[in-house]
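S.K.:
Protein chains in written order, with my numbering: chain A, 1 to 270; chain B, 271 to 539.
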């Protein structure tokens with residue numbers, strides 16, 4: 001039995017106020033696969049992740065994690081298997097130092113000294129933040145916080161990573177680093193994101209959610225080329241696939257200075 | 271940034287001294303127990319016994335020096351306690367009937383001694399508590415308390431309370447920044463009515479944020495107890511430290527200034 005396998009089988013969930021968040025959601029994720037979970041706001045992505053983490057319980061259908069049904073009684077084992085990286089790194093980092101935050105997960109799982117410290121140091125090294133071990137998390141930059149949040153999860157040696165907006169609010173370099181890092185991990189990964197370029201870069205397949213239902217499950221290129229599907233689901237293709245204007249911006253030379261004409265935005269200088 | 275907002279920022283670096291100084295070489299249990307000795311000696315002193323209390327300031331001062339904590343840092347943080355202490359004992363000089371004759375022959379109300387005693391107790395308690403967390407760190411205090419067999423429930427409550435304080439502080443900073451950005455020409459203090467409305471919102475927001483943090487903890491195997499970390503090792507220096515402060519507290523309890531006076535003058539005081 002591989003814990004890297006995930007199967008959502010006709011999962012439905014309705015909030016107590018009657019809002020139907022998910023309806024008959026089914027898809028599979030295989031060993032080592034990276035799946036992008038995309039959809040407009042309110043499509044049901046967050047609810048799906050909360051069900052996967054056991055923070056909510058599905059009213060019908062089942063979620064199977066490597067042969068283990070996710071239910072309140074199996075949740076401890078499920079959480080040992082899954083590594084959750086939350087959208088806001090500030091919610092994930094709560095200990096006084098980065099080292100202690102990374103040690104929190106494995107220590108809860110029963111890892112003790114002398115194994116704990118080398119495990120934490122190795123994880124920090126792997127995520128490129130060994131030099132931040134003694135720093136308080138709130139003093140870190142956005143990119144460092146994100147790397148620390150990933151380290152806190154990796155230290156528990158999960159079989160599968162669940163990432164909610166992994167590149168949220170990161171500058172282009174930090175975003176690129178996170179993408180490369182995620183590419184380097186062998187874990188199965190479920191990545192919920194509005195950053196479709198990141199999804200295109202990283203994922204083997206895409207699950208599109210629309211109004212709580214699965215609208216499509218297919219390779220990213222297939223999905224992103226289907227403009228009709230994207231429009232129906234309230235999405236646009238990734239920026240790099242959007243058509244650029246045929247001409248670059250018009251440049252006027254005024255007294256030796258270049259001024260870009262205001263109605264052209266997308267292309268380089270002519 | 272408002273004064274309250276910058277104060278919150280200052281409190282965030284609260285236990286950043288914990289990894290520095292000689293204090294970090296001691297077992298947290300030894301420091302907790304020595305602080306307890308100081309507090310017990312302090313509470314045992316009579317209501318107007320200022321001279322018994324004065325030597326007890328040695329404990330927080332030692333913590334401050336050994337942990338390399340700047341005096342100004344401490345002063346800024348314990349001064350807010352002062353008005354509360356003064357408020358409690360302010361009327362004592364007028365309400366108390368007894369008088370004391372000073373060396374010059376002047377008579378003053380015993381209430382002045384009570385007021386000084388209340389103020390001193392408040393300052394010693396606040397300084398000891400603040401310096402204990404600042405020099406040892408909350409995580410090490412938790413380890414120490416666990417090592418002293420304090421129930422895990424109490425330790426977790428302490429940690430959560432400490433963390434929740436910062437969650438509220440961070441949410442307050444965000445809301446306050448948003449208000450300042452849109453307050454237009456209005457400067458200075460927030461109107462009271464608006465502050466009351468924001469307070470309600472603040473608790474809802476901080477509760478939601480605390481929920482998200484709790485979920486992040488659960489996702490990493492949290493089962494109600496924060497892991498204790500590396501085991502503690504009691505050494506000879508910890509025994510010496512504790513014995514020293516316990517002995518000192520006992521001496522203070524027996525009125526150290528009186529004993530010193532008797533020793534120096536050879537006359538019973």
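Just so you know, even glycine gets a beta-carbon here, dropped at the ideal spot from N, CA and C.
Which residue spans inside the stretch 72-101 of chain A form an unbroken beta strand (DSSP E) run of at least 3?
M.R.: 82-85, all fully within the stretch 72-101 of chain A.
S.K.: Pull up the DSSP beta-bridge partners for residue 339 (chain B), would you.
M.R.: Taking the first residue of the second chain as 1, we reach residue 339 (chain B) at position 69. Answer is none; residue 339 (chain B) lacks a bridge partner.
S.K.: Can you name the start and end residues of the beta strand (DSSP E) that residue 209 (chain A) belongs to?
M.R.: Counting from one through the first chain, the residue named residue 209 (chain A) turns up at place 209. Note, residue 209 (chain A): beta strand (DSSP E), 205-210.
S.K.: Using beta-carbon positions only, say whether residue 294 (chain B) and residue 515 (chain B) come within less than 8 Å of one another.
M.R.: Stepping through the second chain from its first residue, residue 294 (chain B) is reached at position 24. Stepping through the second chain from its first residue, residue 515 (chain B) is reached at position 245. Contact: no.
S.K.: Could you check whether residue 189 (chain A) and residue 161 (chain A) sit closer than 8 Å to each other, using their CB atoms as the reference points?
M.R.: Here residue 161 (chain A) refers to the residue found at position 161 of the first chain. Here residue 189 (chain A) refers to the residue found at position 189 of the first chain. The answer is yes: Cβ separation under 8 Å.
S.K.: Candidates B:431, B:325, B:385, B:513: which alpha carbon is nearest residue 480 (chain B)'s?
M.R.: The sequence position of residue 480 (chain B) within the second chain is 210, counting from 1. The residue with the shortest Cα to Cα distance from residue 480 (chain B) is B:431.
S.K.: Decide if the stretch 192-204 of chain A is in contact with the stretch 33-50 of chain A; the criterion is three or more beta carbon pairs, one per stretch, under 8 Å apart.
M.R.: Short answer: they touch.
S.K.: From the DSSP secondary-structure annotation, give me the bridge partner or partners of residue 218 (chain A).
M.R.: Locating residue 218 (chain A) in the first chain gives position 218, counting from the first residue. Bridge partners of residue 218 (chain A): A:206.
S.K.: Counting along the chain, where does the alpha helix (DSSP H) carrying residue 183 (chain A) start and finish?
M.R.: Residue mapping note: residue 183 (chain A) aligns to position 183 of the first chain, counting from 1. Residue 183 (chain A) -> alpha helix (DSSP H) spans 172-184.
S.K.: Quick one: grab the DSSP three-state call for residue 213 (chain A).
M.R.: Within the first chain, residue 213 (chain A) is the residue found at index 213, counting from 1. Three-state DSSP puts residue 213 (chain A) in a strand.
S.K.: As a quick exercise: from A:199, A:99, A:233, A:213, pick the residue whose alpha carbon is nearest that of residue 240 (chain A).
M.R.: Position 240 of the first chain holds residue 240 (chain A). For residue 240 (chain A), the nearest C-alpha among the options comes from A:199.
S.K.: Does chain A have any CB closer than 8 Å to the CB of residue 464 (chain B)?
M.R.: In the second chain, counting from the first residue as 1, residue 464 (chain B) sits at position 194. False, the Cβ-Cβ gap to chain A never drops below 8 Å.
S.K.: Measure the beta-carbon distance from residue 214 (chain A) to residue 26 (chain A) and round it to whole angstroms, keeping in mind my assumption that it falls under 8 Å.
M.R.: Here residue 214 (chain A) refers to the residue found at position 214 of the first chain. Here residue 26 (chain A) refers to the residue found at position 26 of the first chain. Confirmed, about 6 Å.
S.K.: Any C-beta of chain B sitting closer than 8 Å to the C-beta of residue 109 (chain A)?
M.R.: Position 109 of the first chain holds residue 109 (chain A). Taking Cβ atoms only, chain B reaches closer than 8 Å to residue 109 (chain A), which makes this a yes.
S.K.: Check whether the Cβ atoms of residue 502 (chain B) and residue 417 (chain B) sit closer than 8 Å, and answer yes or no.
M.R.: In the second chain, the residue the question calls residue 502 (chain B) occupies position 232. In the second chain, the residue the question calls residue 417 (chain B) occupies position 147. Yes, they are a contact pair.
S.K.: Going along the chain, which residues of the stretch 170-185 of chain A sit with their C-beta nearer than 8 Å to a C-beta in chain B?
M.R.: Hits within the stretch: zero.
S.K.: For the stretch 7-57 of chain A, which segments carrying the beta strand (DSSP E) assignment without a break, of at least 3 residues, lie completely within its bounds, in sequence order?
M.R.: With a minimum length of 3 residues, the continuous beta strand (DSSP E) runs that stay inside the stretch 7-57 of chain A are 20-29, 34-38.
S.K.: Count the other CB atoms within 10 Å of the CB of residue 335 (chain B); is the residue buried (16 or more) or exposed (fewer)?
M.R.: Here residue 335 (chain B) is taken as the residue at index 65 of the second chain, counted from 1. Residue 335 (chain B) should be labelled exposed.
S.K.: Hey, how far is the Cα of residue 342 (chain B) from the Cα of residue 212 (chain A)?
M.R.: For this step, residue 342 (chain B) is matched to residue 72 along the second chain. For this step, residue 212 (chain A) is matched to residue 212 along the first chain. The alpha-carbon atoms of residue 342 (chain B) and residue 212 (chain A) are separated by roughly 57 Å.
S.K.: Whole angstroms are fine: how far does the CA of residue 492 (chain B) sit from the CA of residue 439 (chain B)?
M.R.: In the second chain, the residue the question calls residue 439 (chain B) occupies position 169. In the second chain, the residue the question calls residue 492 (chain B) occupies position 222. Cα to Cα, the separation comes out at about 24 Å.
S.K.: Looking only at its own chain, which residues have a Cβ that is under 6 Å from the Cβ of residue 520 (chain B), when we skip the five neighbours before and after it?
M.R.: Taking the first residue of the second chain as position 1, residue 520 (chain B) is located at position 250. Excluding sequence neighbours, residue 520 (chain B) sits near nothing in its chain.
S.K.: Would you call the stretch 80-99 of chain A and the stretch 130-140 of chain A in contact, with 3 or more CB pairs under 8 Å?
M.R.: These segments touch.
S.K.: Count the other C-beta atoms from every protein chain shown that fall within 10 angstroms of the C-beta of residue 145 (chain A), then say buried if there are 16 or more, exposed otherwise.
M.R.: The residue you call residue 145 (chain A) lines up with position 145 of the first chain. That one is buried.
S.K.: Does chain B have any CB closer than 8 Å to the CB of residue 113 (chain A)?
M.R.: Reading the first chain from its first residue, position 113 is the one you call residue 113 (chain A). So yes, residue 113 (chain A) belongs to the interface.
S.K.: To the nearest angstrom, how far is it from the Cα of residue 464 (chain B) to the Cα of residue 393 (chain B)?
M.R.: Looking up residue 464 (chain B) in the second chain gives position 194. Looking up residue 393 (chain B) in the second chain gives position 123. Rounded to whole angstroms, residue 464 (chain B) to residue 393 (chain B) spans 34 Å at the Cα level.
S.K.: Taking all protein chains shown into account, decide if residue 18 (chain A) is buried (16 or more other Cβ within 10 angstroms of its Cβ) or exposed.
M.R.: Your numbering for residue 18 (chain A) matches position 18 in the first chain. Residue 18 (chain A) is exposed by the Cβ-count criterion.
S.K.: Kindly indicate the opening and closing residues of the alpha helix (DSSP H) around residue 311 (chain B).
M.R.: Locating residue 311 (chain B) in the second chain gives position 41, where the first residue counts as 1. From DSSP, the alpha helix (DSSP H) with residue 311 (chain B) extends over 298-314.
S.K.: Establish whether the CB of residue 407 (chain B) and some CB of chain A are separated by less than 8 Å.
M.R.: By one-based count along the second chain, residue 407 (chain B) stands at place 137. Yes - at least one Cβ of chain A is within 8 Å of the one on residue 407 (chain B).
S.K.: At 8 Å on the CB atoms, spell out the chain A contacts of residue 486 (chain B), in chain order.
M.R.: For the purposes of this step, residue 486 (chain B) is taken as residue 216 along the second chain, with counting starting at 1. Neighbours of residue 486 (chain B) on chain A, chain order: 84, 86, 91, 92, 94.
S.K.: Would you please verify whether the beta carbon of residue 157 (chain A) is less than 8 Å from any beta carbon of chain B?
M.R.: Here residue 157 (chain A) is taken as the residue at index 157 of the first chain, counted from 1. For residue 157 (chain A), the answer is no, since every Cβ of chain B falls outside 8 Å of its Cβ.
S.K.: Using the rule of at least 16 other Cβ atoms within 10 Å of the residue's Cβ for burial, across every protein chain shown, is residue 361 (chain B) buried or exposed?
M.R.: Locating residue 361 (chain B) in the second chain gives position 91, where the first residue counts as 1. Residue 361 (chain B) should be labelled exposed.
S.K.: Check each candidate in A:53, A:125, A:20 and name the one with the smallest Cα separation from residue 82 (chain A).
M.R.: The residue you call residue 82 (chain A) lines up with position 82 of the first chain. If we check each option's Cα against that of residue 82 (chain A), A:53 comes out closest.
S.K.: Helix, strand or coil: how does DSSP classify residue 167 (chain A) here?
M.R.: Stepping through the first chain from its first residue, residue 167 (chain A) is reached at position 167. In this structure, residue 167 (chain A) counts as coil in the three-state DSSP scheme.
S.K.: By alpha-carbon positions, which one of B:475, B:504, B:312, B:318 ends up nearest to residue 444 (chain B)?
M.R.: What you label residue 444 (chain B) is simply residue 174 of the second chain in a count that begins at 1. Looking at the Cα atoms, B:475 is the closest of the given residues.
S.K.: Quick one: is residue 57 (chain A) buried, meaning 16 or more other Cβ sit within 10 Å of its Cβ, or exposed?
M.R.: Taking the first chain and counting its residues from 1, one reaches residue 57 (chain A) at position 57. Exposed: under 16 other Cβ atoms inside 10 Å.
S.K.: By Cβ distance, which residues of its chain are closer than 8 Å to residue 172 (chain A), with the 5 residues on each side in sequence left out?
M.R.: Along the first chain, one-based indexing puts residue 172 (chain A) at 172. For residue 172 (chain A), where only same-chain residues beyond five positions count, there are no Cβ hits under 8 Å.
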